[in-house]
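FYI, full-length UniProt numbering numbers position 153 of the sequence shown as 153, with every residue one higher than the one before it. Ideal placement from N, C-alpha and C gives every residue a C-beta, glycine not left out.
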Amino acid sequence: MKRVHVAAAVIRAADGRVLIAKRPDDKHQGGLWEFPGGKVEAGEAVPTALARELEEELGICPTAARPLIQVRHDYPDKQVLLDVWEVSAFSGEPHGAEGQPLAWVAPRQLGDYEFPAANRPIVAAARLPERYLITPDGLAAPTLLRGVQAALADGIRLLQLRAPAMFDAQYRDLAVDVQGLCAGRAQLMLKGPLEWLGDFPAAGWHLTSAQLRQLAAAGRPLPAQRWLAASCHGAEELALAAQLGVDFVTLSPLQATASHPGAQPLGWARARELLQGFDRPAYLLGGVGPADVERAWQVGAQGVAGIRAFWPG
1 MKRVHVAAAV IRAADGRVLI AKRPDDKHQG GLWEFPGGKV EAGEAVPTAL ARELEEELGI
61 CPTAARPLIQ VRHDYPDKQV LLDVWEVSAF SGEPHGAEGQ PLAWVAPRQL GDYEFPAANR
121 PIVAAARLPE RYLITPDGLA APTLLRGVQA ALADGIRLLQ LRAPAMFDAQ YRDLAVDVQG
181 LCAGRAQLML KGPLEWLGDF PAAGWHLTSA QLRQLAAAGR PLPAQRWLAA SCHGAEELAL
241 AAQLGVDFVT LSPLQATASH PGAQPLGWAR ARELLQGFDR PAYLLGGVGP ADVERAWQVG
301 AQGVAGIRAF WPG
(Lines of atoms letter the chains of each structure in order from A and count residues from 1; the text may use other names and numbers.)
(Lines give C-alpha, C1' and ligand atoms only; values in the text may rest on other atoms or scores of the structure.)
Protein backbone atom coordinates (compact mmCIF):
# COMPACT_ATOMS: atom_id res chain seq x y z
CA MET A 1 0.00 0.00 0.00
CA LYS A 2 1.50 3.33 -1.07
CA ARG A 3 1.87 5.95 1.66
CA VAL A 4 -0.10 9.12 0.84
CA HIS A 5 2.02 12.26 1.37
CA VAL A 6 -0.08 15.07 2.87
CA ALA A 7 0.99 18.66 3.60
CA ALA A 8 -0.85 20.11 6.61
CA ALA A 9 -0.69 23.40 8.47
CA VAL A 10 -0.92 24.50 12.06
CA ILE A 11 -2.09 28.04 11.30
CA ARG A 12 -1.51 30.34 14.25
CA ALA A 13 -3.06 33.75 14.80
CA ALA A 14 -1.20 36.59 16.50
CA ASP A 15 -2.94 35.75 19.79
CA GLY A 16 -1.78 32.11 19.61
CA ARG A 17 -5.09 30.53 18.58
CA VAL A 18 -4.96 27.72 16.00
CA LEU A 19 -7.26 27.30 12.98
CA ILE A 20 -8.89 23.90 12.50
CA ALA A 21 -11.43 22.66 9.96
CA LYS A 22 -14.08 19.94 9.99
CA ARG A 23 -13.80 17.13 7.44
CA PRO A 24 -16.80 16.48 5.19
CA ASP A 25 -18.88 13.49 6.31
CA ASP A 26 -18.33 11.66 3.01
CA LYS A 27 -14.50 11.77 3.18
CA HIS A 28 -11.99 9.45 4.89
CA GLN A 29 -12.26 10.14 8.66
CA GLY A 30 -15.30 12.30 7.87
CA GLY A 31 -16.90 14.41 10.58
CA LEU A 32 -13.65 14.80 12.53
CA TRP A 33 -11.64 18.00 12.90
CA GLU A 34 -8.30 18.40 11.13
CA PHE A 35 -5.44 20.75 10.42
CA PRO A 36 -5.98 22.20 6.91
CA GLY A 37 -3.97 20.87 3.99
CA GLY A 38 -3.99 18.23 1.30
CA LYS A 39 -2.11 15.78 -0.88
CA VAL A 40 1.37 16.55 -2.19
CA GLU A 41 1.49 15.79 -5.92
CA ALA A 42 4.36 13.78 -7.44
CA GLY A 43 7.46 15.97 -7.77
CA GLU A 44 5.85 18.85 -5.87
CA ALA A 45 7.75 20.62 -3.07
CA VAL A 46 5.92 20.52 0.26
CA PRO A 47 5.79 24.35 0.73
CA THR A 48 4.34 24.64 -2.78
CA ALA A 49 1.71 21.99 -2.07
CA LEU A 50 0.82 23.62 1.23
CA ALA A 51 0.40 27.07 -0.34
CA ARG A 52 -1.79 25.60 -3.10
CA GLU A 53 -4.00 23.68 -0.66
CA LEU A 54 -4.44 26.63 1.71
CA GLU A 55 -5.42 28.87 -1.19
CA GLU A 56 -7.99 26.32 -2.40
CA GLU A 57 -9.39 25.44 1.04
CA LEU A 58 -9.17 28.73 2.94
CA GLY A 59 -8.43 31.51 0.47
CA ILE A 60 -5.14 32.44 2.18
CA CYS A 61 -1.49 32.53 1.15
CA PRO A 62 1.15 31.65 3.80
CA THR A 63 3.88 34.28 4.13
CA ALA A 64 5.81 32.75 7.08
CA ALA A 65 6.03 28.98 7.57
CA ARG A 66 8.43 26.45 9.04
CA PRO A 67 8.52 22.65 9.49
CA LEU A 68 6.80 21.51 12.69
CA ILE A 69 6.52 17.70 12.73
CA GLN A 70 6.23 14.68 10.44
CA VAL A 71 3.81 11.89 11.37
CA ARG A 72 3.53 8.47 9.72
CA HIS A 73 0.31 6.63 10.49
CA ASP A 74 -1.26 3.42 9.24
CA TYR A 75 -5.06 3.26 9.12
CA PRO A 76 -6.72 -0.06 8.19
CA ASP A 77 -7.46 1.32 4.71
CA LYS A 78 -4.75 3.92 4.18
CA GLN A 79 -1.14 4.82 5.06
CA VAL A 80 -0.32 8.50 5.40
CA LEU A 81 2.71 10.74 5.91
CA LEU A 82 1.58 14.03 7.41
CA ASP A 83 4.16 16.73 6.66
CA VAL A 84 3.10 19.44 9.10
CA TRP A 85 4.25 23.07 8.94
CA GLU A 86 3.50 25.93 11.30
CA VAL A 87 2.13 28.96 9.50
CA SER A 88 2.63 32.09 11.59
CA ALA A 89 1.66 34.71 9.00
CA PHE A 90 -0.53 34.77 5.91
CA SER A 91 -2.35 37.10 3.56
CA GLY A 92 -6.09 36.92 2.99
CA GLU A 93 -9.00 36.19 5.34
CA PRO A 94 -9.50 32.48 6.15
CA HIS A 95 -12.89 31.11 5.21
CA GLY A 96 -14.30 27.68 4.39
CA ALA A 97 -13.90 27.96 0.61
CA GLU A 98 -15.22 24.40 0.20
CA GLY A 99 -18.08 24.90 2.65
CA GLN A 100 -16.24 23.34 5.59
CA PRO A 101 -16.80 24.68 9.13
CA LEU A 102 -13.75 26.42 10.69
CA ALA A 103 -12.84 27.19 14.30
CA TRP A 104 -10.11 29.29 15.93
CA VAL A 105 -9.12 27.36 19.05
CA ALA A 106 -6.82 28.17 21.98
CA PRO A 107 -3.99 25.57 22.04
CA ARG A 108 -4.98 24.23 25.47
CA GLN A 109 -8.51 23.56 24.12
CA LEU A 110 -7.43 21.48 21.11
CA GLY A 111 -7.80 18.35 23.22
CA ASP A 112 -11.54 19.05 23.46
CA TYR A 113 -11.98 18.41 19.71
CA GLU A 114 -12.08 15.01 18.02
CA PHE A 115 -9.30 14.52 15.46
CA PRO A 116 -8.24 11.49 13.38
CA ALA A 117 -5.84 9.21 15.28
CA ALA A 118 -2.89 10.33 13.15
CA ASN A 119 -3.35 13.89 14.40
CA ARG A 120 -2.60 13.26 18.08
CA PRO A 121 1.14 14.12 17.82
CA ILE A 122 0.22 17.23 15.80
CA VAL A 123 -2.15 18.37 18.56
CA ALA A 124 0.71 17.91 21.05
CA ALA A 125 3.15 19.85 18.84
CA ALA A 126 0.61 22.67 18.40
CA ARG A 127 0.20 22.94 22.17
CA LEU A 128 3.87 22.76 23.15
CA PRO A 129 6.23 25.77 23.23
CA GLU A 130 9.71 25.94 21.71
CA ARG A 131 11.54 26.14 25.06
CA TYR A 132 11.56 23.55 27.87
CA LEU A 133 13.15 24.67 31.14
CA ILE A 134 14.67 22.07 33.46
CA THR A 135 15.46 23.40 36.94
CA PRO A 136 19.09 23.27 38.14
CA ASP A 137 20.17 20.81 40.82
CA GLY A 138 21.61 21.82 44.17
CA LEU A 139 19.54 24.95 44.87
CA ALA A 140 17.66 25.57 48.11
CA ALA A 141 13.88 25.66 47.85
CA PRO A 142 13.52 29.46 48.25
CA THR A 143 16.10 30.05 45.51
CA LEU A 144 14.35 27.58 43.22
CA LEU A 145 10.99 29.23 43.78
CA ARG A 146 12.37 32.69 43.01
CA GLY A 147 13.96 31.34 39.84
CA VAL A 148 10.72 29.68 38.74
CA GLN A 149 8.83 32.94 39.27
CA ALA A 150 11.38 34.82 37.17
CA ALA A 151 11.29 32.18 34.42
CA LEU A 152 7.50 32.32 34.25
CA ALA A 153 7.68 36.11 34.00
CA ASP A 154 10.11 35.61 31.11
CA GLY A 155 7.54 33.56 29.21
CA ILE A 156 8.53 29.97 30.03
CA ARG A 157 5.46 27.78 29.46
CA LEU A 158 6.91 24.28 29.99
CA LEU A 159 8.94 23.52 33.08
CA GLN A 160 10.41 20.37 34.61
CA LEU A 161 11.05 20.38 38.36
CA ARG A 162 14.25 18.38 38.62
CA ALA A 163 15.93 18.18 42.02
CA PRO A 164 17.62 14.77 42.35
CA ALA A 165 19.63 15.75 45.43
CA MET A 166 16.51 16.53 47.49
CA PHE A 167 14.89 14.10 49.87
CA ASP A 168 11.48 12.86 48.70
CA ALA A 169 9.56 14.88 51.29
CA GLN A 170 11.41 18.09 50.35
CA TYR A 171 10.74 17.52 46.65
CA ARG A 172 7.04 16.84 47.21
CA ASP A 173 6.63 20.01 49.28
CA LEU A 174 8.46 22.01 46.64
CA ALA A 175 6.32 20.46 43.90
CA VAL A 176 3.16 21.70 45.62
CA ASP A 177 4.53 25.25 45.66
CA VAL A 178 5.77 25.15 42.05
CA GLN A 179 2.45 23.69 40.91
CA GLY A 180 0.74 26.72 42.43
CA LEU A 181 3.09 29.12 40.66
CA CYS A 182 2.55 27.39 37.29
CA ALA A 183 -1.26 27.23 37.52
CA GLY A 184 -2.75 28.92 34.46
CA ARG A 185 0.68 30.02 33.23
CA ALA A 186 2.81 26.98 32.38
CA GLN A 187 2.71 23.20 32.21
CA LEU A 188 4.63 21.63 35.09
CA MET A 189 6.40 18.30 34.56
CA LEU A 190 7.48 16.38 37.66
CA LYS A 191 10.09 13.64 38.06
CA GLY A 192 10.00 10.90 40.64
CA PRO A 193 8.37 7.61 41.68
CA LEU A 194 5.22 6.78 39.73
CA GLU A 195 3.43 6.15 43.03
CA TRP A 196 3.17 9.95 43.32
CA LEU A 197 1.14 10.34 40.12
CA GLY A 198 -2.21 10.59 41.87
CA ASP A 199 -0.99 13.25 44.29
CA PHE A 200 -0.30 15.89 41.61
CA PRO A 201 -3.22 15.70 39.15
CA ALA A 202 -2.39 19.00 37.42
CA ALA A 203 1.19 17.99 36.66
CA GLY A 204 2.62 15.96 33.81
CA TRP A 205 5.35 13.38 34.35
CA HIS A 206 8.81 13.18 32.82
CA LEU A 207 10.14 9.63 32.90
CA THR A 208 13.80 8.81 33.29
CA SER A 209 15.22 6.47 30.65
CA ALA A 210 15.24 3.72 33.32
CA GLN A 211 11.52 4.26 34.02
CA LEU A 212 10.85 4.28 30.29
CA ARG A 213 12.47 0.87 29.92
CA GLN A 214 10.53 -0.51 32.89
CA LEU A 215 7.18 0.74 31.62
CA ALA A 216 7.48 0.17 27.87
CA ALA A 217 5.80 -3.23 27.94
CA ALA A 218 3.26 -2.33 30.63
CA GLY A 219 1.65 0.58 28.80
CA ARG A 220 1.10 4.27 29.36
CA PRO A 221 0.73 5.05 33.11
CA LEU A 222 -1.19 8.30 32.60
CA PRO A 223 -4.52 9.09 30.93
CA ALA A 224 -4.42 10.86 27.57
CA GLN A 225 -5.28 14.26 29.06
CA ARG A 226 -2.13 14.34 31.22
CA TRP A 227 1.25 15.08 29.68
CA LEU A 228 3.77 12.24 29.62
CA ALA A 229 7.39 12.74 28.52
CA ALA A 230 10.58 10.69 28.60
CA SER A 231 14.34 11.17 28.47
CA CYS A 232 15.85 9.48 25.40
CA HIS A 233 19.44 9.09 24.26
CA GLY A 234 19.22 7.05 21.06
CA ALA A 235 17.10 5.08 18.61
CA GLU A 236 16.17 2.28 21.01
CA GLU A 237 14.75 4.63 23.65
CA LEU A 238 12.92 6.71 21.04
CA ALA A 239 11.23 3.50 19.84
CA LEU A 240 10.27 2.61 23.41
CA ALA A 241 8.86 6.11 23.94
CA ALA A 242 6.68 5.80 20.84
CA GLN A 243 5.57 2.32 21.94
CA LEU A 244 4.59 3.67 25.35
CA GLY A 245 2.63 6.55 23.81
CA VAL A 246 4.49 9.48 25.35
CA ASP A 247 3.49 12.99 24.28
CA PHE A 248 7.03 14.30 23.85
CA VAL A 249 10.67 13.51 24.65
CA THR A 250 14.02 15.09 25.30
CA LEU A 251 16.87 13.79 23.13
CA SER A 252 20.32 14.19 24.63
CA PRO A 253 23.13 14.97 24.80
CA LEU A 254 23.24 16.97 21.60
CA GLN A 255 26.62 18.49 22.48
CA ALA A 256 29.17 18.02 25.24
CA THR A 257 28.19 19.58 28.57
CA ALA A 258 29.94 20.28 31.85
CA SER A 259 27.26 18.37 33.77
CA HIS A 260 27.79 15.14 31.77
CA PRO A 261 31.44 15.26 30.66
CA GLY A 262 31.64 11.52 29.90
CA ALA A 263 28.55 11.31 27.68
CA GLN A 264 29.09 10.90 23.95
CA PRO A 265 27.34 13.81 22.18
CA LEU A 266 24.97 13.02 19.31
CA GLY A 267 25.69 16.08 17.19
CA TRP A 268 23.26 17.82 14.87
CA ALA A 269 23.51 15.37 11.96
CA ARG A 270 22.78 12.31 14.11
CA ALA A 271 19.90 14.12 15.84
CA ARG A 272 18.37 14.79 12.42
CA GLU A 273 18.68 11.09 11.50
CA LEU A 274 17.09 9.96 14.74
CA LEU A 275 14.17 12.38 14.48
CA GLN A 276 13.36 11.58 10.83
CA GLY A 277 11.57 8.39 11.84
CA PHE A 278 10.14 9.66 15.13
CA ASP A 279 6.60 11.02 15.14
CA ARG A 280 6.43 12.79 18.53
CA PRO A 281 7.61 16.27 19.48
CA ALA A 282 11.23 16.18 20.67
CA TYR A 283 13.35 18.74 22.51
CA LEU A 284 17.11 18.70 21.93
CA LEU A 285 19.03 18.89 25.21
CA GLY A 286 22.69 19.40 26.01
CA GLY A 287 24.77 22.44 25.15
CA VAL A 288 21.94 24.31 23.43
CA GLY A 289 20.07 27.51 24.22
CA PRO A 290 17.61 30.06 22.81
CA ALA A 291 19.87 30.86 19.86
CA ASP A 292 19.60 27.23 18.68
CA VAL A 293 15.79 27.07 18.39
CA GLU A 294 15.62 27.66 14.64
CA ARG A 295 18.36 25.14 13.94
CA ALA A 296 16.49 22.63 16.10
CA TRP A 297 13.36 23.19 13.99
CA GLN A 298 15.35 22.50 10.83
CA VAL A 299 16.49 19.06 12.07
CA GLY A 300 12.93 18.06 13.03
CA ALA A 301 12.76 19.02 16.72
CA GLN A 302 10.03 20.88 18.58
CA GLY A 303 12.67 23.15 20.10
CA VAL A 304 15.36 23.05 22.75
CA ALA A 305 15.49 22.11 26.42
CA GLY A 306 17.98 23.48 28.85
CA ILE A 307 18.99 24.03 32.44
CA ARG A 308 21.50 26.86 32.56
CA ALA A 309 20.47 28.30 29.17
CA PHE A 310 16.96 29.15 30.41
CA TRP A 311 17.50 29.62 34.12
CA PRO A 312 17.27 33.30 35.09
CA GLY A 313 20.18 34.96 36.83
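Nearest Cα to Val105 within the set Ala45, Trp268 and Glu114: Glu114.
Nearest C-alpha to Ala89 among Leu128, Gly43, Pro116 and Leu19: Leu19.
Annotation for Glu273: the continuous alpha helix (DSSP H) segment containing it runs Gly267 to Gln276. Annotated three-state conformation of Pro121 is helix, per DSSP. In the three-state reduction of the DSSP assignment, Tyr75 falls in the coil class, being assigned neither a helical nor a strand state. Listed as beta-bridge partners of Leu181 by DSSP are no residues whatsoever.
Here Gly37 really is in contact with Glu53; their C-beta atoms are around 5 Å apart, less than 8 Å. DSSP places Gly96 in the coil class of the three-state scheme, outside both helix and strand. Sorting Val148, Met166, Leu102 and Val304 by C-alpha distance to the C-alpha of Gly138 places Met166 at the top. In this structure the region 139-152 does not lie against the region 294-307, because fewer than three pairs of beta carbons, one per stretch, are closer than 8 Å.
Assigned with DSSP and collapsed to three states, Tyr283 falls in strand. Sequence-distant Cβ neighbours of Gly286 in its own chain, meaning closer than 6 Å and more than five residues away, are Ser252, Pro253, Leu254, Gln255 and Thr257. Membership of Gln243 in the alpha helix (DSSP H) is indicated by the continuous run Ala235 to Leu244. The shortest C-alpha to C-alpha distance from Ala97 to any of Pro76, Leu58 and Asn119 is the one to Leu58.
By the criterion of a C-beta distance shorter than 8 Å, Gln243 is surrounded in its chain by Ala216, once the five residues flanking it on both sides are discounted. For secondary structure counted as the beta strand (DSSP E) over 3 or more consecutive residues, the region 130-159 holds these complete runs in sequence order: 131-134. Cβ neighbours of Ala126 within its own chain (closer than 7 Å, five residues either side excluded): Val10, Val18, Pro107 and Leu110. Taking the Cβ atoms as the reference, Ala263 lies roughly 14 Å from Leu284, outside the contact range of under 8 Å. The three-state secondary structure of Gln109, taken from DSSP, is helix.
Within the same chain, and ignoring the five residues on either side of Val304 in sequence, the residues whose Cβ sits closer than 8 Å to its Cβ are Glu130, Arg131, Tyr132, Tyr283, Leu284, Leu285, Val288, Gly289, Pro290, Asp292, Val293 and Ala296. The shortest CA-to-CA distance from Asp279 to any of Ile122, Ala271 and Trp311 is the one to Ile122.
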